[in-house]
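K.L.:
In the UniProt record's numbering, the protein residues as written are 1 to 212.
Heads up, the beta-carbon is just placed ideally off N, CA and C, and yes, glycines get one too.
Just dropping this structure here.
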């Protein structure tokens with residue numbers, strides 16, 4: 001079993017243990033949503049609110065572990081199993097940290113949310129950059145456009161470019177730490193622009209390949 005899959009399972013176990021241990025100490029209502037200013041603007045009852053993120057982690061891990069069986073390109077997964085498990089681990093890290101911040105706020109420890117989310121998204125985007133270069137053509141993970149799915153060359157070039165794009169996005173996300181009032185813009189705009197850029201880039205590479 002790959003180390004990242006083991007780490008994902010470990011995070012799930014820790015989140016379940018924290019749920020059981022801290023349940024008696026938490027209020028009847030817990031925060032579940034924060035606005036763009038970092039203030040709580042949504043809550044949920046302790047049950048099921050406290051169990052949502054651990055359940056999501058379990059669901060995502062199981063789903064992502066099973067999808068290779070149903071992918072027409074499943075033979076490729078052996079070539080990037082580490083990257084695939086790494087991406088699952090990244091999602092679990094993201095959910096786990098949201099779970100931790102929810103517990104902290106519920107206990108009255110109000111960590112500045114905008115700065116926290118900025119760092120969390122920077123880690124997520126930087127992690128995606130690290131793993132995405134190794135992802136091989138498949139239908140469930142990676143930069144899937146009509147042009148990357150048609151040509152493995154286009155897929156590889158687009159994912160190499162994606163490495164740089166996601167690193168840049170990660171750096172922009174960190175700006176929210178220093179200018180928290182605009183943290184949501186430093187996250188959303190780079191993600192949107194970077195996504196559009198990679199779609200267009202994949203088309204340009206495909207077009208170039210067709211004309212050669």
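Apart from the five residues just before and just after residue 134, which ones in its own chain have a Cβ nearer than 6 Å to its Cβ?
P.N.:
Cβ neighbours of residue 134 beyond the five flanking positions: 80 and 83.
K.L.:
Quick one: what does DSSP say residue 155 is sitting in, helix, strand or coil?
P.N.:
Helix, per DSSP.
K.L.:
Could you round the C-beta distance between residue 205 and residue 154 to whole angstroms and report it? I think they count as a contact, below 8 Å.
P.N.:
Rounded, the Cβ-Cβ distance is 5 Å, consistent with contact.
K.L.:
When the distance is taken between beta carbons, is residue 68 closer than 9 Å to residue 156?
P.N.:
Not a contact, by the Cβ cut-off of 9 Å.
K.L.:
Any idea what DSSP makes of residue 29, helix, strand or coil?
P.N.:
Three-state result, residue 29: strand.
K.L.:
Thinking C-alpha only, which one of 146, 136, 107 and 158 is nearest residue 30?
P.N.:
Taking only the C-alpha atoms, the option nearest residue 30 is 107.
K.L.:
What residue does the alpha helix (DSSP H) around residue 58 start on, and which one ends it?
P.N.:
Start and end: 46-66.
K.L.:
Go ahead and pull the three-state DSSP assignment for residue 42.
P.N.:
DSSP places residue 42 in strand when its eight states are reduced to three.
K.L.:
When we look at the beta-carbon of residue 59 and count the other beta-carbons within 10 Å, is it buried (16 or more) or exposed?
P.N.:
Exposed, by the Cβ-count rule.
K.L.:
Which same chain residues, not among the five before or five after residue 76, have their C-beta less than 8 Å away from its C-beta?
P.N.:
136, 137 and 138.
K.L.:
Report all residues from its chain with a CB closer than 8 Å to the CB of residue 96; omit the five preceding and five following residues, and keep chain order.
P.N.:
For residue 96, where only same-chain residues beyond five positions count, the Cβ hits under 8 Å are 11, 14, 15, 53 and 57.
K.L.:
Cutting at 7 Å between CB atoms, please list the residues of its own chain near residue 72, excluding the five before and the five after it.
P.N.:
Result list for residue 72: 139, in chain order.
K.L.:
Quick one: does residue 120 have its CB under 9 Å from some CB of chain C?
P.N.:
Among the protein chains of the structure shown there is no chain C, as only one such chain exists.
K.L.:
Check this for me: beta carbons of residue 114 and residue 36, under 9 Å apart or not?
P.N.:
Cβ atoms of residue 114 and residue 36: closer than 9 Å.
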